[in-house]
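Asks: For the sequence shown, my numbering gives the first residue as 7, with consecutive numbering after it.
We treat Cβ as the ideally placed atom computed from N, Cα and C, and that holds for glycine.
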Amino acid sequence: MVNERDYVDFSEFGPRRPVRGGVRARSQRGAAFARTWWGRSFLEAIEQVADAGRLTRGRTYARAGQVVSYSLEPGVVHAEVQGSQPRPFIAVLTMRQLRDDRLDELVQLVRATPGMLGRMASGALPQELGPLLLPTTASELDFSCSCPDSGWPCKHVAAVCYVLAERFDERPGDLLTLRGVQLDALIGSVQSESAAAESDDLYGQQIELPALPAPEFRPAPEDLEAVLLRQALRMTAEDERTAELGLRELRALYAALNG
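Below, the structure is given as structure tokens:
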């Protein structure tokens with residue numbers, strides 16, 4: 007039974023009011039939204055728990071630029087979304103921040119995957135982190151709005167989700183911020199754990215050394231200028247015959263060493 011105090015007659019509200027300078031979505035037609043793996047995956051996670059009808063209306067709001075402004079902070083996104091009323095509604099998306107075991111798992115995954123830390127430091131967000139960063143259950147999300155619609159989420163918060171998806175297209179690392187993870191702190195944790203793991207073997211007894219390179223032997227006469235070598239031999243020899251003999255003996259000596 008519907009409580010009379012909770013009943014809202016939506017027919018008393020008119021069409022949405024146009025917004026100047028709002029956050030207008032790049033996507034302007036079709037059901038497809040977002041163009042990168044992170045943007046699409048974020049929307050897919052939202053669509054798993056949200057009302058399809060309100061998402062459709064939220065998509066329309068996002069394309070019309072009804073999101074006046076928004077701010078992304080650790081664990082929460084606050085936005086102003088213009089509806090049918092004179093003042094914008096306050097729409098809020100909350101996402102659970104990573105803590106304890108989940109955060110440790112993130113650090114261990116980054117440390118164990120070759121090259122991942124470098125990719126993150128350069129601004130990329132590897133897809134391997136998706137299972138840890140994207141919400142997988144409704145318990146990790148919450149939606150609220152100052153509008154009278156009790157939908158979860160309402161179209162105003164849904165519009166914010168679509169705007170966020172396009173933001174993650176351009177700046178996927180902001181999903182770390184939304185999850186309460188600071189990139190610098192994450193890099194520091196990975197590096198400190200790596201250093202701690204290396205310090206367990208203080209004297210290097212467990213390090214497997216590479217094989218020694220095989221030296222390449224070349225007789226010295228082959229690397230010397232022939233004319234200069236003969237001139238040097240002539241300076242110490244009595245005659246040309248002695249110099250020639252010295253050159254043959256020198257080559258024979260290096261050949262014996264090479265053998």
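Less than 7 Å between C-beta atoms, sequence neighbours within five positions excluded: which residues of the same chain meet that for A150?
Replies: Per the sequence presented here, residue 150 reads as Ser, with Ala not at that position. Answer for S150: V98, listed in chain order.
Asks: Going by CA-CA distance only, name the one from R117, G28, P159 and M101 that's closest to A58.
Replies: It is P159 whose Cα lies nearest to the Cα of A58.
Asks: Count the other CB atoms within 10 Å of the CB of E79; is the residue buried (16 or more) or exposed (fewer)?
Replies: With fewer than 16 other Cβ atoms within 10 Å, it is exposed.
Asks: Tell me the DSSP secondary structure of A238 in three-state form.
Replies: Helix.
Asks: Give me whichever residues DSSP pairs with M101 in a beta bridge.
Replies: The partner list for M101 (beta bridge, DSSP) reads L147.
Asks: CA-CA distance, P178 and V113?
Replies: Looking at the two C-alpha atoms, the distance is approximately 18 Å.
Asks: Per DSSP, F95 forms a beta bridge with which residues?
Replies: In the DSSP output, where bridge partners are listed per residue, F95 has V87.
Asks: How far does the alpha helix (DSSP H) with S47 in it reach, from first residue to last?
Replies: Here the alpha helix (DSSP H) through S47 covers W43 to E53.
Asks: What's the gap between the Cα of D107 and the Cα of R46?
Replies: D107 and R46: Cα-Cα distance of roughly 27 Å.
Asks: Taking the C-alpha atoms as reference points, what is the distance between R125 and R32?
Replies: Whole-angstrom Cα-Cα distance: 27 Å.
Asks: What are the boundary residues of the alpha helix (DSSP H) that includes E176?
Replies: Where E176 is concerned, the enclosing alpha helix (DSSP H) stretches over K161 to E176.
Asks: In or out: E172 buried (at least 16 other Cβ within 10 Å) or exposed?
Replies: Buried.
Asks: If I follow the unbroken beta strand (DSSP E) through L109, where does it start and stop?
Replies: Premise fails: L109 lies in the alpha helix (DSSP H), D106 to A118, not in any beta strand (DSSP E).
Asks: Could you compute how far the alpha carbon of G28 sits from the alpha carbon of G186?
Replies: In a straight line, the C-alpha of G28 is about 26 Å away from that of G186.
Asks: Beta carbon of L138, beta carbon of L170: below 8 Å?
Replies: In this structure, L170 does not lie closer than 8 Å to L138 by Cβ.
Asks: Distance cutoff 8 Å, beta carbons only. Does R93 sit that close to anything in chain C?
Replies: Protein chains in the displayed structure number just one, and chain C is not present.
Asks: Taking C-alpha atoms, which residue in V87, L189 and L140 lies nearest to L49?
Replies: Cα-wise, what sits closest to L49 is L140.
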